[in-house]
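Chemist: Dropping the structure in here first, questions after.
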Ligand SMILES: *[C@@H]1O[C@H](CO)[C@@H](O)[C@H](O)[C@H]1NC(C)=O
Ligand SMILES: *[C@@H]1O[C@H](CO)[C@@H](O)[C@H](O)[C@H]1NC(C)=O
Ligand SMILES: *[C@@H]1O[C@H](CO)[C@@H](O)[C@H](O)[C@H]1NC(C)=O
Ligand SMILES: [Cu+2]
């Protein structure tokens, strides 16, 4: 905690509600110094709200991957591998033939909620609960008692392939995919905005494209899916069936440089004071912005590529959780800078409100069946209430 007080003293800040945010210079924003400072302010703010069973000795400190010692990184990798080897706990009634392991279950838990928890009111809170479920399973099933590590994209905005998270060493989560040359650009036509014409986004393919080449998780087996990304109709059989194949990746610095830099994350936190805009810009929701499609959320997904582009079964890649943990961190920092005014949700309960559905309120529930019981959305706002969350980011 030493560095937190150091940062605060340096700024000579008074803690009030809402917190006074320093006027950061552009250089501090671009270098990540500002984001670090905002994280520190959020931590101090959050720690004033601990309650229930979330006593100081129980709080999990979620940290950036490269701040873990190498032995701890190996320990975390071993815990994830352990989870991948545990049997499925889904009912064996034939609904999900591809659910052989707990790792498949987690992909399924995301898959069957996909069209309700993206581009909807519950995007941030549902993924928060999903991450908590993963963190809890890592502890109860596989003995990982430290907080869930996250991936600070900004540290890799010039070179994703060189990231300690993806360098293929035994302290990474595996390398890039095997390079597949000669692929065309990605062309995304984003529909659902105010104009009938889609918003077109183009970027080059990454440096992989095939199965993970080396390092941990090279041998991870993917079973569910793939979900058809070209719009062809899907069936339960294709999405939930048992279709064993490798885990692929296509690391790509281009999407990070354009959508998930330190500047992008920091501006997102500082620019909006309501959840509609904050979440809309984070996710590139076309109903909120056509100028800034993709958002930091899409930037991270496309930077990893491969299966993490699949909106339905992306949790098969351990990178998914690192990426979403960083999103939850950005959300958490934003909330804790003005907590009393940032405990709301906005929107309905279906993707882009298709089909139309009622507005979601904080009295509604979210769940990650069958691994976690339903909780009220309002109980997902304070991450140190003990009901059920007990974590902060450092
Ligand atoms: C998948 O199965 C569930 C019941 O298990 C059913 O309600 C649903 O309509 C099915 N979806 C498709 C696309 O077949
Ligand atoms: C993201 O930040 C980079 C500089 O770090 C900038 O060039 C780019 O325009 C930003 N993207 C968005 C969508 O604001
Ligand atoms: C849902 O929320 C929107 C936006 O705030 C509002 O305009 C609309 O009236 C709400 N609908 C209902 C049924 O409350
Ligand atoms: Cu998701």
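In mature numbering (1 follows the signal peptide of the UniProt record, and there is no 0), the protein residues as written are -16 to -1, 1 to 378. Note that CB positions come from ideal geometry on N, CA and C, so glycine has one too.
#1: For residue 272 and residue 355, what's the separation of their Cα atoms in angstroms?
#2: Below 7 Å, is the gap between the Cβ of residue 14 and the nearest heavy atom of ligand 2?
#3: Could you tell me which of 222, 368, 107 sits nearest to residue 92, measuring between CA atoms?
#4: Would you kindly work out how many angstroms separate the C-alpha atoms of residue 360 and residue 347, rounded to a whole number?
#5: Below 7 Å, is the gap between the Cβ of residue 307 and the nearest heavy atom of ligand 4?
#6: Consult DSSP for residue -16 and reduce its assignment to one of helix, strand or coil.
#7: Can you check the segment 107 to 132 for any alpha helix (DSSP H) of at least 4 residues that lies completely inside it and give the ranges in chain order?
#8: Between which two residues does the beta strand (DSSP E) carrying residue 66 extend?
#9: Under 8 Å, with one C-beta from each stretch per pair, do the segment 22 to 38 and the segment 362 to 375 reach the 3-pair mark?
#10: With which residues is residue 332 paired in a DSSP beta bridge?
#11: Taking the alpha helix (DSSP H) that residue 91 falls in, what are its first and last residues?
#12: So if I measure from each beta-carbon to every heavy atom of ligand 2 and keep distances below 5 Å, which residues remain?
#13: Report yes if the C-beta distance between residue 314 and residue 252 is below 8 Å; otherwise report no.
#14: Can you name, in chain order, every residue of its own chain whose Cβ lies under 6 Å from the Cβ of residue 16, other than the five neighbours on each side?
#15: Is it buried or exposed, residue 169, if we count other Cβ atoms within 10 angstroms and call 16 or more buried?
#16: Could you check which residue in 331, 31, 195, 144 has the C-alpha nearest to that of residue 240?
#17: Do residue 229 and residue 193 have their beta-carbon atoms positioned less than 8 Å apart in this structure?
#18: Counting C-beta neighbours from all protein chains within 10 Å, is the total for residue 77 16 or more, i.e. buried, or is it exposed?
#19: For residue 249, count the other beta carbons within 10 Å of its own beta carbon; 16 or more makes it buried, fewer makes it exposed. Which is it?
#20: Residue 384 and residue 179: beta carbons closer than 8 Å?
#21: Find the nearest neighbour of residue 187 within the set 171, 106, 197, 5, judged by alpha-carbon distance.
#22: Within the continuous beta strand (DSSP E) that includes residue 358, where are the two ends?
#23: Could you check which residue in 133, 317, 285 has the C-alpha nearest to that of residue 26?
#24: Give the DSSP bridge partners of residue 375, in chain order.
#25: Using the beta-carbon count (16 or more within 10 Å), is residue 79 buried or exposed?
#26: Report the rounded CA-to-CA distance for residue 75 versus residue 202, giving the unit in angstroms.
#27: Among 18, 30, 132, 270, whose alpha-carbon lies nearest the alpha-carbon of residue 322?
#28: With residue 467 and residue 207 assumed to form a contact (beta carbons below 8 Å), what rounded beta-carbon distance in angstroms separates them?
#29: Under 8 Å, with one C-beta from each stretch per pair, do the segment 275 to 286 and the segment 123 to 131 reach the 3-pair mark?
#30: Nearest to residue 211 by alpha carbon, out of 9, 300, 375?
#31: Could you check what DSSP says for residue 224 in three-state terms: helix, strand or coil?
#32: Can you list, in chain order, the residues of its chain whose CB lies under 6 Å from that of residue 164, leaving out five sequence neighbours each side?
#33: Starting from the C-beta of residue 177, find all residues in its chain whose C-beta is less than 7 Å away, skip the five residues before and the five after it, and write them out in chain order.
#34: What's the gap between the Cα of residue 350 and the Cα of residue 294?
#35: Quick check: what's the CA-CA separation for residue 205 versus residue 2?
#36: For residue 21, which of helix, strand or coil comes out of DSSP?
Modeler: On the basis of the coordinates in this document:
#1: 33 Å
#2: yes
#3: 222
#4: 6 Å
#5: no
#6: Here residue -16 scores only 39 on pLDDT, less than 50, and its place in the model is too uncertain to base an answer on.
#7: 107 to 126
#8: No beta strand (DSSP E) contains residue 66, which is instead part of the alpha helix (DSSP H) from 54 to 69.
#9: yes
#10: 343
#11: 86 to 95
#12: 245, 247, 248, 276
#13: yes
#14: 138, 246
#15: exposed
#16: 144
#17: no
#18: exposed
#19: buried
#20: This structure gives no information on residue 384, because the portion of the chain shown stretches from -16 to 378.
#21: 171
#22: 356 to 360
#23: 317
#24: 44
#25: exposed
#26: 29 Å
#27: 30
#28: Beyond the ends of the chain as shown, which are -16 and 378, falls residue 467; an answer cannot be given.
#29: no
#30: 300
#31: helix
#32: 193, 194
#33: 183, 270, 271, 274
#34: 22 Å
#35: 47 Å
#36: helix
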